[in-house]
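S.K.: Take this structure first; my questions come after.
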Amino acid sequence: MNQGMHRTTHHARDRSRRRAATTGIALVLASALLAGCTPAETEGTPGEGNGIMHDIHASPEQSAIEDWSPRIAQEASDVATNAATAYARPDLNQPQWFTGLRPYLSADAQRTFQNVSNLNITATTVTSTEEPVKGRSAAIATVTVNTNTDSLDFLLSRADGEWVVEKITSAK
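Basically my numbering = 1-based index in the sequence shown + 45.
Structure, rendered in structure tokens:
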């Protein structure tokens, strides 16, 4: 009788271990499935117009934004032209390309472009820059820059008084 109780206890212990192992495997599988449901980070290709927009936030110490003026428009034009010149460098390796483009980019745009391959860029020369178009406020502008292969739209902001590039898209 003592041996029978030992077998029953032994079988019950085995069932508990199997149940625990099965539950553990089920939890691991469920975690893996749920992890697969989270969206993957995407890498944009320059000029592909993937619709990524970045929130443009003003800093707490921001002073009043200057009204739109010929000087403000020229500053926007200069930043877009310089950014386009740095952008149109498919001849550089990616780290060199990003280092040249980075000073013109907002923090959000830097995060977007830091891992983008510049090998898909066909432009190598800026040919002209069109007049900046003021956005809904004097702190937003779009500047179209023409290159030897296409035209690029630069969305600029100036929350802290200096123009920075928020987004670069193909001007189709």
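All residues carry an ideal CB built from backbone N, CA and C; glycine is no exception.
Which word fits Leu200, buried or exposed, when buried means at least 16 other C-beta atoms lie within 10 angstroms of its C-beta?
M.R.: The sequence position of residue 200 within the sequence shown is 155, counting from 1. With 16 or more Cβ atoms within 10 Å of its Cβ, Leu200 is classed as buried.
S.K.: Comparing alpha-carbon positions, which option in Phe158, Arg203 and Thr187 lies nearest Tyr132?
M.R.: Taking the sequence shown and counting its residues from 1, one reaches residue 132 at position 87. Nearest C-alpha to Tyr132: Phe158.
S.K.: Does Val161 come out as helix, strand or coil in the three-state DSSP assignment?
M.R.: Taking the sequence shown and counting its residues from 1, the one referred to as residue 161 is at position 116. Here Val161 sits in coil by DSSP.
S.K.: Which residue or residues does DSSP assign as beta-bridge partners of Val124?
M.R.: The residue labelled residue 124 in the question sits at position 79 within the sequence shown. In DSSP, Val124 forms no bridge with anything.
S.K.: So if DSSP puts Leu197 in a beta bridge, which residue, or which two residues, is it bridged to?
M.R.: If you number the sequence shown from 1, residue 197 lands on position 152. BP columns for Leu197 point to Val190 and Ser215.
S.K.: Do you know how far the Cα of Ala216 is from the Cα of Asp198?
M.R.: Position 153 of the sequence shown, counted from the first residue, corresponds to residue 198. Position 171 of the sequence shown, counted from the first residue, corresponds to residue 216. Cα to Cα, the separation comes out at about 5 Å.
S.K.: Identify which residue in Asn138, Glu175, Ala183 and Pro177 has its Cα closest to the Cα of Asn165.
M.R.: For the purposes of this step, residue 165 is taken as residue 120 along the sequence shown, with counting starting at 1. Of Asn138, Glu175, Ala183 and Pro177, the residue nearest in Cα terms is Asn138.
S.K.: So which of Thr189, Gly180 and Ala183 has the shortest CA-CA distance to Ser173?
M.R.: Taking the sequence shown and counting its residues from 1, one reaches residue 173 at position 128. The shortest Cα separation from Ser173 among Thr189, Gly180 and Ala183 belongs to Thr189.
S.K.: Which first and last residues belong to the alpha helix (DSSP H) in which Thr144 is found?
M.R.: For the purposes of this step, residue 144 is identified with residue 99 of the sequence shown, where counting begins at 1. Unbroken alpha helix (DSSP H) run through Thr144: Gln139 to Leu146.
S.K.: Taking the alpha-carbon positions, what's the Arg203 to Ala184 distance?
M.R.: The sequence position of residue 203 within the sequence shown is 158, counting from 1. The sequence position of residue 184 within the sequence shown is 139, counting from 1. About 5 Å.
S.K.: Would you call the CB atoms of Glu207 and Ser151 closer than 8 Å?
M.R.: Your numbering for residue 207 matches position 162 in the sequence shown. Your numbering for residue 151 matches position 106 in the sequence shown. No. Outside cutoff.
S.K.: Which whole-angstrom value describes the C-beta separation of Thr167 and Thr130, a residue pair presumed to lie in contact below a C-beta threshold of 8 Å?
M.R.: Within the sequence shown, residue 167 is the residue found at index 122, counting from 1. Within the sequence shown, residue 130 is the residue found at index 85, counting from 1. Their Cβ separation, rounded to whole angstroms, is 15 Å, which puts Thr167 and Thr130 out of contact at 8 Å.
S.K.: For Thr214, is the classification buried or exposed, using 16 other Cβ atoms within 10 angstroms of its Cβ as the cut-off for buried?
M.R.: What you label residue 214 is simply residue 169 of the sequence shown in a count that begins at 1. It counts as buried.
S.K.: Assign Thr169 to one of three DSSP states: helix, strand, or coil.
M.R.: Walking along the sequence shown from the start, residue 169 turns up at place 124. Coil at Thr169, not helix or strand.
S.K.: For Ala186, which residues of its own chain have a beta-carbon under 7 Å away from its beta-carbon, when the five flanking residues on both sides are left out?
M.R.: Position 141 of the sequence shown holds residue 186. Ala121, Pro177, Val178, Lys179, Gly180 and Leu201.
S.K.: Look at the alpha carbon of Asn191 and the alpha carbon of Val171, and state the distance between them as a whole number of angstroms.
M.R.: Walking along the sequence shown from the start, residue 191 turns up at place 146. Walking along the sequence shown from the start, residue 171 turns up at place 126. Approximately 6 Å between the Cα atoms of the pair.
S.K.: Taking 7 Å as the limit between beta carbons, can you name the residues of its chain near Tyr149, skipping five residues before and five after?
M.R.: Numbered from its first residue, the sequence shown carries residue 149 at position 104. Excluding positions up to five away in sequence, the list reads Val124, Asn127, Ala128, Ala131, Val209 and Val210.
S.K.: Given this structure, state the Cα-to-Cα distance separating Asp112 from Asn160, to the nearest angstrom.
M.R.: Position 67 of the sequence shown holds residue 112. Position 115 of the sequence shown holds residue 160. Taking the straight line from one Cα to the other gives about 35 Å.
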